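Asker: Pasting a structure below so you can have a look.
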Amino acid sequence: MARSPKRPSKDDSNGTPLDNKQRVLEEQEQMLREKVEKYQKLIEDAPKIAADRAREAREELLRRAASTDKRRGSVAALTDRRFGLEANVAAPAQQRRMRAERRQGRLTFFVLLLALAAAICYLYYTVANG
């Protein structure tokens, strides 16, 4: 007597390999749909996010340019030349102070250069004659 092949019942949790594969494919399809929705939303929100970042950077730059630093010779007190004087009310006074500091720096540099040259000449003549 030949046995008839066992038919899977509906309450069988394992199912056939084809049913298992179909279930796995449906889960993957659902995951891909969720990813596509997430990326679509990200693409739609990207211009708003970029505009917000640009606005925040502009506001931060204006806030830095408008603030004055109390320390002498601070780099943070430099004017931003991309914007006009309306954002930098104290710019002319800062430029005057900066010019004086540059002039003083140049003078100090040349005095030190002359001192170095004198030291080199002194060493040369003492070693050559001594």
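Per my numbering, the sequence shown starts with residue 4, numbered consecutively. From the three backbone atoms N, C-alpha and C, an ideal C-beta is built for every residue, glycine too. Everything numeric in this text was worked out from a predicted model, so none of it was measured.
Cα separation between residue 113 and residue 106?
Answerer: So the two alpha carbons sit approximately 11 Å from each other.
Asker: According to DSSP, simplified to helix, strand and coil, what is residue 18?
Answerer: Residue state, collapsed to three classes: coil.
Asker: For residue 53, count neighbouring Cβ atoms within 10 angstroms of its own Cβ and tell me buried if that reaches 16, exposed if not.
Answerer: It counts as exposed.
Asker: Would you mind sorting residue 68 into buried or exposed? The rule is 16 or more other CB atoms within 10 Å of its CB.
Answerer: Its Cβ being crowded by 16 or more others within 10 Å, residue 68 is buried.
Asker: Using three-state DSSP, classify residue 108 as helix, strand or coil.
Answerer: Residue 108 falls in the helix class under three-state DSSP.
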